[in-house]
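Participant: Handing you this structure, nothing more for now.
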Amino acid sequence: MSAAVVTGIGVAVPNGMGKDDFWAAALRGESAIRTVQRFDVSSYPSKLAGEIAGFEPTDHLNGRLIPQTDRMTQVALAASDWALADAGVEPDTYDTTEMGVATSGASGGLEYGQRELDNLWGAGPDHVSVYMSFAWFYAVNSGQISIRHGMRGPAGVLVSDQAGGLDAVAQARRNIRKGTRLFLTGGVDSSFCPYGWVSRMSAGDVSTSEDPATAYLPFDERARGHVPGEGGAILVVEDADTARARGARPYGEIAGYGASCDAAAKHGGAPGLRRAIETALADAGAAPGDIGVVFADGSGSRADDRIEAEAIAGVFGPGAVPVTVPKTMTGRMNSGGAPADLAYALMSLREGVIPPTINVRTLAPGYEIDLVIGEPRPWQPGAALVLARGKGGFNSAMVLRAIA
Amino acid sequence: MSGRRVVITGLGVVAPGGVGTKAFWQMITAGRTATRMITAFDTTGFRSRIAAEVDFDAEQLGLSHREIRRLDRAAQFALVATREAVTDSGLDAGRIDPTRTGVSIGCAVGCTCRLESEYLVLSDTSKEWVLDHNYADPHLYDYYMPGSLANEVAWEVNAQGPATMISAGCTSGLDSLGHAADLIREGAVDLMLAGGTDAPISPITVACFDAIKATSPRNDDAATALRPFDRTRNGFVLGEGSAMLVLEELESARARDAKIYAEITGFASRSNAYHMTGLKADGVELGAAVTSALDESQLPPDAIDYVNAHGTATKQNDRHETAAVKRSLGDHAYRIPMSSIKSMIGHSLGAVGSIEIAACALAIDQGVVPPTANLREPDPELDLDYVPLEAREAQLDHVLSVGSGFGGFQSAMVLARPGSAA
């Protein structure tokens, strides 16, 4: 069975676009959390977000494509270009049938959707765009990426909130093992429009703080919810043997994956995160001591923070492994969050340094985790664990390992 | 874990024309159609005013008042189908191992009905762009992020293994079953509740398809509007519904002496990398998906006894899939029946692939090929046996089902009669 390795990173997060910028911003601990600019949030209780600034669609896409696509697709297409360029994959490196696409999207192209709902109900059915049918649905990014890069292999789209970003990468690995040579995979979400904003707020855990320095404090004693972010990452995942044969330099191997679902309240409500972690470790053939860093989901809500801290301390021992949440700089990016965390983890494997969690000062009592606060921390790269949890009880865990 | 095999041991169907597997099977084998004038909303001003609607009385079907309040129509369909599937499987709920049980649910357009109705409240019928959050439903996030459909099914059956929604447009219902089969084969789980659901008959979705003239405007003859492979075809008719299947690892199904409808022996998906809505006439990528699904099944093309077609009654689909089937099955394609049940139940987007697999499982079990309804004037350019109007009896050992959708996705799945797999 072939190993699946990551050879290209395409990332667009609020504090940096492209591999170099996003990594430099992460090491500087640079926050992109500020008052939403894209639409008027003054009437809403929650006002802060991580927005991608300076993304001009015309810099990346031809003019014909722009009216056909939501922002989440425009960003994803740019990220897919960067990922392939980073991997050094040329259009003729592989046969078109040897390349596939698997992405996650939590809310589709909802900004586009809100505009067309407005057209329908404000002006009538014949004012709905001819592009609406494929601009807003959840599959749009996999479809558009496959078309842009001529990828005719397997396709997939998974929706499981924040966890979906890891589930998509796991599906890519599954297909690499079945014989596909290359996958573009990950997730990008936006829906930074009033409907997306109101929908997020309805879940009750978006921070109402107006201070960017204290709005999103996962594991902190002052935790009070999270700040939404937009963006994510698209990665190039390749068959290890063919990647080596073409001279690629992989960032790391996708060594293990596990997923679970929390029990329903009526069935006892047991959290499933620890099971997902243990499944991923077993899948990777790794012992807890092999993991050198955990990129936590970092919900920022008291109950979920506690569950995650207990799961990490339970598997690895109290304070036994560095834990970090770079999302404190960007906000939580729905299906884009975990792919961005994979990108952080892969850069950590390459550079030997762990990006920090910002703004957090004092852990809530009883959280026995070693959170990397404020400053980057050097480490001896071996293996990293990325965690992602979604509303409704999705848990996913992925182990990345340095290439020997 | 190689060598683990996946079988279908329970079926639950919510389809237009009658809720429940029995009503569904009777309808499609009788060749009756459920397409009609839309009753869900006032269609004045729309081009296509027809659909295949489910007559769905949620309360009578056992949903609680809270479930009815909380759940989008797509989730309500899925819960009813899930309950039927679990009952049908004979599984003892108390003996299911929650951590070895997962959920994979296909859906193309999520909780569109609620997203649209909530939008009307929040925007005061589109008078306000900056929506008034004070009117937000407490469950709005579940409609915004439709992976909630997977959670609802998981909570229903106490599944605590992997759960996800698969949303590859109109192939979602096949892809979700393919994903579920993969998870069982690789040993992540032993049991999956897998299938699809969609409830797209809302103004915004109807308007989307109106805008690109994909749906049939045959408003004066709704009952025969969806005419796959017919010279007079003029587009698909939107449908809605759900099919949920119990998928089980073969040995555990045998150990509990379960009724096995069929084995899932192969699945593959491909992208055409061509166009978000267009199809090339050559059918290359769908043909490649079929070939790959046959390879996974370790079957030659001439093992296939029946093809359940995508059959959406658009000219480009009819030609595309006919070419794909010929390309992948060769001359054998001319010797076997190929029919489209969408002619009767409409096109329920992300649900229909699973409903069609339920039909294939029943076709194998009952030895009956359902017909293509409304096929009275065959397109002279299409030369396969499309089973017009009337069902046929036939022993089916291996069945192929294909799907094709927006985004350029192409999928194929192969089922085998129990004991017939290679």
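Residue numbers (the working numbering), protein chains in the order written: chain U, 1 to 404; chain P, 1001 to 1422. Beta carbons: idealized from backbone N, C-alpha and C, even for Gly. Since we're looking at a predicted model, the values are computed, not measured.
Counting along the chain, where does the beta strand (DSSP E) carrying residue 1201 of chain P start and finish?
Facilitator: Start at 1 with the first residue of the second sequence, and residue 1201 of chain P comes out as number 201. Here residue 1201 of chain P belongs to no beta strand (DSSP E), and DSSP marks it neither H nor E.
Participant: At a Cβ threshold of 7 Å, is residue 226 of chain U touching chain P?
Facilitator: Sequence index remark: in the first sequence, residue 226 of chain U carries index 226 (1-based). Chain P, which has no Cβ nearer than 7 Å to the Cβ of residue 226 of chain U, makes this no.
Participant: Which stretch, first to last residue, makes up the beta strand (DSSP E) that contains residue 1290 of chain P?
Facilitator: Along the second sequence, read from residue 1 onward, the residue named residue 1290 of chain P stands at position 290. Not the beta strand (DSSP E): residue 1290 of chain P falls in the alpha helix (DSSP H), residues 1284-1297.
Participant: Contact between the region 1381-1393 of chain P and the region 1123-1137 of chain P: three or more CB pairs below 8 Å?
Facilitator: No, the region 1381-1393 of chain P does not touch the region 1123-1137 of chain P.
Participant: List, in chain order, every chain P residue whose beta-carbon is nearer than 7 Å to that of residue 101 of chain U.
Facilitator: Mapped onto the first sequence, residue 101 of chain U falls at position 101. Near residue 101 of chain U (Cβ distances below 7 Å), the residues of chain P are 1271.
Participant: Output, in sequence order along the chain, the residues in the region 1399-1416 of chain P whose CB is closer than 9 Å to any CB in chain U.
Facilitator: Listed in sequence order: 1405, 1406, 1407, 1408, 1409, 1410 and 1411.
Participant: Can you tell me whether DSSP reads residue 322 of chain U as helix, strand or coil?
Facilitator: The residue given as residue 322 of chain U occupies position 322 in the first sequence. Residue state, collapsed to three classes: strand.
Participant: Please classify residue 122 of chain U as buried or exposed, where buried requires at least 16 neighbouring CB atoms within 10 angstroms.
Facilitator: Counted from its first residue, the first sequence places residue 122 of chain U at position 122. It counts as exposed.
Participant: Roughly how many whole angstroms lie between the Cα atoms of residue 1082 of chain P and residue 1061 of chain P?
Facilitator: Within the second sequence, residue 1082 of chain P is the residue found at index 82, counting from 1. Within the second sequence, residue 1061 of chain P is the residue found at index 61, counting from 1. Taking the straight line from one Cα to the other gives about 12 Å.
Participant: Under three-state DSSP, which class holds residue 1430 of chain P?
Facilitator: Nothing can be reported for residue 1430 of chain P: it is not among the residues displayed for chain P, which extend from 1001 to 1422.
Participant: List the residues of chain U whose Cβ lies closer than 8 Å to the Cβ of residue 1209 of chain P, in chain order.
Facilitator: Reading the second sequence from its first residue, position 209 is the one you call residue 1209 of chain P. Those are 133, listed as they occur along chain U.
Participant: Which chain U residues sit within Cβ distance under 8 Å of residue 1249 of chain P?
Facilitator: In the second sequence, counting from the first residue as 1, residue 1249 of chain P sits at position 249. Within 8 Å Cβ-Cβ: nothing; residue 1249 of chain P doesn't reach chain U, min ~17 Å.
Participant: Identify every residue that forms a DSSP beta bridge with residue 17 of chain U.
Facilitator: By one-based count along the first sequence, residue 17 of chain U stands at place 17. For residue 17 of chain U, which the question treats as bridged, DSSP gives the partners U:12.
Participant: Under 6 Å Cβ to Cβ from residue 1313 of chain P, same chain only, skipping five residues before and after it: list those, please.
Facilitator: Locating residue 1313 of chain P in the second sequence gives position 313, counting from the first residue. Correct list, in chain order: 1226, 1227, 1228, 1233 and 1236.
Participant: Strictly below 8 Å CB to CB, what residues from chain U border residue 1298 of chain P?
Facilitator: The residue given as residue 1298 of chain P occupies position 298 in the second sequence. Ordered by position in chain U, no residue passes the 8 Å Cβ test against residue 1298 of chain P, which lies about 14 Å from the chain.
Participant: Would you report the Cα separation of residue 118 of chain U and residue 1321 of chain P, rounded to the nearest angstrom?
Facilitator: What you label residue 118 of chain U is simply residue 118 of the first sequence in a count that begins at 1. What you label residue 1321 of chain P is simply residue 321 of the second sequence in a count that begins at 1. Answer to the nearest angstrom: the Cα atoms are 36 Å apart.
Participant: Using a Cβ-Cβ distance cut-off of 7 Å, determine whether residue 194 of chain U contacts chain P.
Facilitator: Mapped onto the first sequence, residue 194 of chain U falls at position 194. Closer than 7 Å: yes.
Participant: Does residue 16 of chain U pass the burial test, meaning 16 or more other C-beta atoms within 10 Å, or should it be called exposed?
Facilitator: For this step, residue 16 of chain U is matched to residue 16 along the first sequence. Buried is the call here.
Participant: Quick one: is residue 1167 of chain P near chain U, going by C-beta distance under 7 Å?
Facilitator: In the second sequence, residue 1167 of chain P corresponds to position 167, counting from 1. At least one chain U Cβ lies under 7 Å of residue 1167 of chain P.
Participant: Spatial neighbours of residue 1331 of chain P within its chain, please: C-beta separation below 8 Å, excluding the five flanking residues on both sides.
Facilitator: Position 331 of the second sequence, counting from 1, holds the residue named residue 1331 of chain P. Hits under 8 Å: none found.
Participant: Which of the three DSSP states is assigned to residue 1263 of chain P in this structure?
Facilitator: The residue labelled residue 1263 of chain P in the question sits at position 263 within the second sequence. Residue 1263 of chain P falls in the strand class under three-state DSSP.
Participant: How many angstroms separate the CA atom of residue 1409 of chain P from the CA atom of residue 153 of chain U?
Facilitator: Locating residue 1409 of chain P in the second sequence gives position 409, where the first residue counts as 1. Locating residue 153 of chain U in the first sequence gives position 153, where the first residue counts as 1. Cα to Cα, residue 1409 of chain P sits roughly 10 Å from residue 153 of chain U.
Participant: Just the Cα atoms here: how many angstroms apart are residue 140 of chain U and residue 1405 of chain P?
Facilitator: Here the question's residue 140 of chain U lines up with position 140 in the first sequence. Here the question's residue 1405 of chain P lines up with position 405 in the second sequence. Between residue 140 of chain U and residue 1405 of chain P, the C-alpha separation is close to 11 Å.
Participant: For residue 1360 of chain P, which three-state DSSP category applies?
Facilitator: Counting from 1 along the second sequence, the entry for residue 1360 of chain P is found at position 360. Helix, per DSSP.
Participant: Could you give the DSSP three-state label for residue 1244 of chain P: helix, strand or coil?
Facilitator: Here the question's residue 1244 of chain P lines up with position 244 in the second sequence. In the structure shown, residue 1244 of chain P sits in a strand (DSSP, three-state: E or B).
Participant: Using alpha carbons as the reference points, say which of P:1279, P:1415 and P:1307 lies closest to residue 1315 of chain P.
Facilitator: Looking up residue 1315 of chain P in the second sequence gives position 315. If we check each option's Cα against that of residue 1315 of chain P, P:1279 comes out closest.
Participant: Roughly how many angstroms lie between the CA atoms of residue 1272 of chain P and residue 1285 of chain P, to the nearest whole one?
Facilitator: Looking up residue 1272 of chain P in the second sequence gives position 272. Looking up residue 1285 of chain P in the second sequence gives position 285. Using only the alpha carbons, I get a separation of about 6 Å.
Participant: Identify the contact partners of residue 248 of chain U in chain P, using a Cβ-Cβ distance below 9 Å as the criterion.
Facilitator: For the purposes of this step, residue 248 of chain U is taken as residue 248 along the first sequence, with counting starting at 1. Near residue 248 of chain U there are no residues of chain P at all, since even the closest Cβ is about 22 Å away, more than 9 Å.
Participant: Just checking: is the beta-carbon of residue 201 of chain U within a distance shorter than 7 Å of some beta-carbon in chain P?
Facilitator: Here residue 201 of chain U corresponds to residue number 201 of the first sequence, with the count starting at 1. With 7 Å as the cut-off, residue 201 of chain U counts as an interface residue toward chain P.
Participant: Counting only the same chain and skipping the five closest in sequence on each side, list residues whose C-beta sits under 8 Å from that of residue 1189 of chain P.
Facilitator: One-based indexing of the second sequence puts residue 1189 of chain P at position 189. Correct list, in chain order: 1100, 1101, 1102, 1161, 1162 and 1183.
Participant: Taking 7 Å as the threshold (C-beta atoms), are residue 162 of chain U and residue 337 of chain U in contact?
Facilitator: Residue mapping note: residue 337 of chain U aligns to position 337 of the first sequence, counting from 1. Residue mapping note: residue 162 of chain U aligns to position 162 of the first sequence, counting from 1. Going by C-beta atoms, residue 337 of chain U is nearer than 7 Å to residue 162 of chain U.
Participant: Quick check: residue 1077 of chain P and residue 1197 of chain P, are their CB atoms within less than 7 Å of each other?
Facilitator: Against the second sequence, residue 1077 of chain P aligns to sequence position 77. Against the second sequence, residue 1197 of chain P aligns to sequence position 197. Yes. Within cutoff.
Participant: By DSSP's criteria, residue 1393 of chain P is part of a beta bridge. Which residues make up the other side?
Facilitator: In the second sequence, counting from the first residue as 1, residue 1393 of chain P sits at position 393. The partner list for residue 1393 of chain P (beta bridge, DSSP) reads P:1368.
Participant: Going by alpha carbons, who is nearest to residue 1032 of chain P out of P:1023, P:1128, P:1356 and P:1179?
Facilitator: Residue mapping note: residue 1032 of chain P aligns to position 32 of the second sequence, counting from 1. It is P:1023 whose Cα lies nearest to the Cα of residue 1032 of chain P.
Participant: What first and last residue would you give for the alpha helix (DSSP H) that runs through residue 227 of chain U?
Facilitator: Residue numbering aside, residue 227 of chain U sits at position 227 when the first sequence is read from its first letter. Run containing residue 227 of chain U: none; DSSP gives neither H nor E here.
Participant: Kindly indicate if chain P contains any beta-carbon less than 7 Å away from that of residue 271 of chain U.
Facilitator: One-based indexing of the first sequence puts residue 271 of chain U at position 271. Answer no: the Cβ-Cβ gap between residue 271 of chain U and chain P never drops below 7 Å.
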